[in-house]
Amino acid sequence: STLGALGAVLAYAIVYVVIRKISRLQGATQRVRGGDFETRVEIKGRDELASLGHAFNDMVTGLKALGIYTDPTLARGFEIM
15 STLGALGAVL AYAIVYVVIR KISRLQGATQ RVRGGDFETR VEIKGRDELA
65 SLGHAFNDMV TGLKALGIYT DPTLARGFEI M
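Each residue of the sequence shown is one higher than the one before, counting from 15 in our numbering.
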C-alpha cells in the first residue's frame with residue numbers, strides 16, 4: 015500500500031511533466047501560427063519530446079528563412095487544413 019501510493023505519486027509527477035512540455039509546445043505552435051518566427055521551445059533531455067522540440071525549432075528557422083527570401087506574408091499564409 016505504501017509502495018502503491020509512492021508509485022501513484024511518481025506516475026502523477028511524470029504525467030505532469032509530460033503535459034507541461036506538450037502544453038509549452040502547443041503554445042509555441044500558436045505563436046508561430048500567428049506569425050512570430052522568433053519563437054523557440056526550450057529543450058531538456060533526450061526523449062521523444064526533446065526530439066520534437068528540435069524539429070519544431072528547425073521548422074521555425076526554415077519559416078523565418080522563407081520570410082527573408084520571399085514576402086513574409088507568404089510564410090504566414092500557409093495553414094494546415
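For glycine and all other residues, C-beta sits at the position ideal for the given N, C-alpha and C.
It should be emphasised that the depicted structure is a prediction, and the values quoted were computed from it without experimental measurement.
Please state the DSSP three-state secondary structure of residue 55. coil
Could you tell me whether the Cβ atoms of residue 74 and residue 46 are closer together than 8 Å? yes
Are the region 52-63 and the region 20-38 touching, with three or more C-beta to C-beta distances below 8 Å? yes
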